[in-house]
Amino acid sequence: NRERFNILSVGRFDFPHKAFLIGLVKAYSTIKDIYPNVSLTICGYGPSEDVLMTELSLLSEKAREDVILIGKQSPESLRNIYKDANLNISVAGCYSLGLRYGILSIPARHYNYSCEVYGFSTDANRFAVSSVEGKPVIDYIEQVINMEEQEYVDRCKCTFESFTKDIDNESRCLLNFNNL
């Protein structure tokens, strides 16, 4: 119900590994034309920052106005950044942080310049780091934008529960391993 729908991506600007960001910027441009209340927050830093900045410079002036670039952050400050998001699209640990904070999250394909994704967190956690072909991100972003409030809340709750379930499973595996 927020006036602004904020898409978040957090990660190191290291392409081609995290080049999905280039595809996410392009998808944001398309979405922004349809849904003017959408914003894109990108949190990170790294050696490919100039490539990202070039892609951002190609956006329309209106789209650029609603892009928020946040540089390197401490782990403690990330909590508030995630809390300001409606949707997290990231890979690896930054994807998992979205789960931890209960933000509806979508894992993106790494080593690919388009933003291919694997679905919502509860169905796609196993793809947190994957190079398997995915699906275009735009359909998923639109699905979340148009989602009924209760469905969104339920999915966020399931997102958090999927994180805690994965932690419980990992803990059991470690305990079993230590008991061998």
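Here the sequence shown is numbered in the working numbering, starting from 13 and rising by one per residue. Idealized CB from N, CA, C, for every residue including glycine.
For residue i and residue j, I'd like the C-alpha separation in whole angstroms.
| i | j | result |
| --- | --- | --- |
| valine 50 | tyrosine 125 | 22 Å |
| leucine 116 | glycine 110 | 7 Å |
| tyrosine 130 | alanine 120 | 7 Å |
| leucine 71 | serine 142 | 28 Å |
| aspartate 135 | leucine 52 | 24 Å |
| arginine 76 | tyrosine 94 | 20 Å |
| phenylalanine 175 | lysine 74 | 36 Å |
| cysteine 170 | glycine 35 | 27 Å |
| tyrosine 164 | valine 156 | 7 Å |
| serine 108 | alanine 140 | 7 Å |
| tyrosine 123 | valine 103 | 11 Å |
| leucine 64 | glutamate 160 | 33 Å |
| isoleucine 118 | isoleucine 19 | 11 Å |
| cysteine 106 | serine 41 | 22 Å |
| proline 4 | lysine 147 | Because residue 4 is not part of the residues shown, which for the chain are 13 to 192, the question remains open. |
| serine 183 | asparagine 98 | In this prediction, serine 183 has a pLDDT of 36, which is less than 50 and means its spatial position is unreliable; nothing more can be read from the coordinates. |
| lysine 96 | serine 60 | In the sequence under discussion, the amino acid at residue 96 is aspartate, which differs from the lysine named in the question. When rounded, the distance between both Cα atoms is 25 Å. |
| aspartate 151 | threonine 66 | 25 Å |
| leucine 193 | glutamine 162 | Given a span of 13 to 192 for the chain in the structure shown, any question on residue 193 remains unanswerable. |
For residue i, count the other beta carbons within 10 Å of its own beta carbon; 16 or more makes it buried, fewer makes it exposed. Which is it?
| i | result |
| --- | --- |
| isoleucine 46 | exposed |
| asparagine 100 | buried |
| glycine 23 | buried |
| asparagine 158 | exposed |
| serine 89 | exposed |
| lysine 84 | exposed |
| serine 21 | buried |
| aspartate 166 | exposed |
| valine 144 | exposed |
Can you check which of these residues, the options, is closest to residue i by C-alpha distance?
| i | options | result |
| --- | --- | --- |
| leucine 68 | Ala39, Glu88, Phe175 | Ala39 |
| aspartate 62 | Ala31, Pro87, Asp166, Ile118 | Ala31 |
| glutamate 173 | Glu161, Ile153, Ser133 | Ser133 |
| isoleucine 54 | Ile80, Thr42, Ile43 | Ile80 |
| aspartate 78 | Phe17, Thr66, Gly56 | Phe17 |
| glycine 58 | Pro48, Ile43, His29, Asn98 | His29 |
| proline 48 | Glu15, Leu33, Gln162, Ser60 | Glu15 |
If residue i sits next to residue j, beta carbons under 8 Å apart, how far is it from one beta carbon to the other, in whole angstroms?
| i | j | result |
| --- | --- | --- |
| tyrosine 113 | arginine 91 | 6 Å |
| cysteine 127 | valine 149 | 4 Å |
| phenylalanine 27 | glycine 56 | Wrong, their Cβ atoms sit about 12 Å apart, outside the cutoff. |
| isoleucine 153 | isoleucine 43 | 6 Å |
> Mind pulling the alpha helix (DSSP H) runs of 4 or more residues that sit fully within the stretch 97-168?
Replying inline: 104-112, 133-136, 149-157
> What are the complete alpha helix (DSSP H) segments, minimum 4 residues, inside the stretch 34-76?
Replying inline: 61-69
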